[in-house]
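Numbering (this note's numbering), first residue to last: 342 to 675. The structure under discussion appears below in the form of C-alpha cells.
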C-alpha cells in the first residue's frame, strides 16, 4: 500500500467498522464523519449491502480519481457477506485510494469469546492488514448487561434527559442488549420529560424535572405491585404522584412492553433480562394464560383509544386500566 497518498489525507483513506450492533455502527460512522469534515460543501452518501453483488456504480464511486468533484462516503452494510473475488478486487482498488471517497466497510457478523468472526477472505486481504496498522479499524462487541447502562446514560446525557438513578436501573434491567432498543427508550422518555409543564410545581416548589424523575420511577413501582398482586400497594403508589396525566403516558408503554415480554417467555422465545429477574418473570408467565395476556394487551389499547376519543381523561383511564389488568394476574404472591 503506498503511504504517500494516505499521509496527505486528514481522515482515514478507508475504514472498517466491526460490530454486530447496527445502531452502534451508525453512531460510530457519524462520529468519524464529524471528526473529519469535508474540505468544502457536504459529502454525498451512498449505501450498499452485502447480500447483493456490488453494481458497476459502486466500483466507479470507489475508485474514481479526479482533481475536482464532490466528496462522498460509501457505506457497505453486512460487508462480510461479499465473496473472496469481490474482496480481492476491493483490496486492489484501495491500494490507490481516491481522495474524494471515504469507504466504510461494516462487518456485522457475530462475535465469539470476545473476538469477531471475520471471514478469512477478508482477514487475509492486504487492505485489512494495512487498515489495522493505521488504526483504521473500529471493533466493538456490542452491548452486554453493564454496557446497556453505560450506553443509556451516555445517550441520556447527550440529549439532556435527566432521570433518577433508581429509574435508570429499572429501565436498563428491562431492555435487551441492543442499542436501537436503548435509543427508542431514551427518545421516548425525552419526549415525556419535554411534555412536563415548565417552571416549578405549585404545590411544593419541586422542579418539574424532579417531578418527571419521580413519575418514571412510579411506573416501575406500579408494575412491581401489579405483578405481586398487591392492589393496595399499587393504588397507593399510583396516587403518590401529583400528575396522573403524565403517569398515564409513562406507565402504559411500560405495561405494554411488560405484557409482550411475558408473552414471549410463555411462547419459549428468548428475552434479555438480568439473571436475578428472569426466574421471577418465568414463574409469573407460567401462571398466566395466553388468553389473560391477550386481554391485558387489549386493555392497554382500549385505554389509549378512550383517551383519543375523549371518552374519559387520563386519570380515569389509568385507574380503570390498572384495576382491569390486576384481575388477570394470579392473586397469590410469588
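For glycine and all other residues, C-beta sits at the position ideal for the given N, C-alpha and C. This structure is a prediction, so every number in the text was calculated from the model and none was measured.
- Message: Between which residues of its own chain and residue 626 is the CB-CB distance below 7 angstroms, once the five residues before and five after are set aside?
- Response: 603, 606 and 607
Check your understanding: Taking one C-beta from the stretch 419 to 427 and one from the stretch 380 to 387 each time, how about it: are there three or more such pairs within less than 8 angstroms?
Key -> no
- Could you check the C-alpha separation between residue 475 and residue 353 for me, to the nearest Å? 8 angstroms
Let me know if residue 372 comes out buried or exposed under the rule of 16 or more other beta-carbons within 10 Å of its beta-carbon. exposed
Practice item. For the beta strand (DSSP E) holding residue 386, just list the boundary residues, first then last. Key: 385 to 390
Checklist line | Nearest to residue 418 (by Cα), restricted to the options 669, 365, 516 and 376 | finding: 365
In the DSSP assignment, the alpha helix (DSSP H) including residue 658 goes from what residue to what residue?
655 to 667
(message) In whole angstroms, give me the CA-to-CA distance for residue 638 and residue 665.
(response) 11 angstroms
**Prompt:** When DSSP labels each residue in this structure, what does residue 457 get in the three-state scheme?
**Reply:** strand
Among 374, 393, 480 and 430, nearest to residue 459 - alpha-carbon criterion: Measuring from the Cα of residue 459, the nearest candidate turns out to be 480.
Counting Cβ pairs, one atom from each stretch, are 3 or more of them under 8 angstroms apart for the stretch 464 to 471 and the stretch 489 to 498? no
Here's a check: name, in chain order, each residue in its chain whose Cβ is nearer than 7 angstroms to the Cβ of residue 404, leaving out the five neighbours to either side. 434 and 439
Q. Once you ignore the five residues that flank residue 596 on each side, which residues in its own chain have a CB closer than 6 angstroms to its CB?
A. Once the five neighbours on either side are set aside, the close Cβ partners of residue 596 are 641.
- Item | Chain-order list of residues whose beta-carbon lies under 8 angstroms from that of residue 490 (same chain, five-residue window excluded) | 509, 510 and 513
Next item on the list: Compute the beta-carbon to beta-carbon distance between residue 413 and residue 386, rounded to the nearest angstrom, for a pair I have assumed lies under 8 angstroms.
Entry: The pair is a contact, with the Cβ atoms about 7 angstroms apart (cut-off 8 angstroms).
- Using 9 angstroms as the limit for Cβ to Cβ distance, is residue 426 near chain B? The structure shown has no chain B; it contains just one protein chain.
> What residue from 389, 662 and 370 has the CA that sits closest to residue 588's CA?
Replying inline: 662
message = DSSP three-state label for residue 611, please.
response = Of the three classes helix, strand and coil, the one that applies to residue 611 here is coil, per DSSP.
Residues in its own chain within less than 8 angstroms of residue 631 by CB, not counting five upstream and five downstream?
-> 604 and 607
Terminal residues of the alpha helix (DSSP H) in which residue 477 lies
Taken as a continuous stretch (DSSP letters only), residue 477 belongs to no alpha helix (DSSP H), as it is neither H nor E.
**Request:** Return the Cβ separation of residue 592 and residue 530 in integer angstroms, given the expectation that the two are a contact with Cβ distance under 8 angstroms.
**Result:** Not a contact, Cβ separation roughly 12 angstroms.
* Would you call the CB atoms of residue 399 and residue 468 closer than 9 angstroms? -> no
Spatially closest choice to residue 565 from 432, 667 and 657, by CA coordinates: Closest by alpha carbon: 667.
**Report entry** Cα-Cα separation between residue 656 and residue 456, rounded to whole angstroms
**Finding:** 51 angstroms
(Q) What does the alpha-carbon distance come out to for the pair residue 651 and residue 579? (A) 22 angstroms
**Report entry** Whole-angstrom C-beta distance between residue 613 and residue 517, which should lie under 8 angstroms
**Finding:** 4 angstroms
Next on the checklist: Less than 6 angstroms between C-beta atoms, sequence neighbours within five positions excluded: which residues of the same chain meet that for residue 370?
Outcome noted: 445
Unbroken beta strand (DSSP E) run spanning residue 360, endpoints: No beta strand (DSSP E) contains residue 360, which DSSP labels as neither H nor E.
For the candidate residues 441, 610 and 569, whose alpha-carbon lies nearest to that of residue 415? 441
* Proximity to residue 487 [Cα-Cα], best of 629, 523 and 477 -> When only C-alpha atoms are compared, the closest one is 523.
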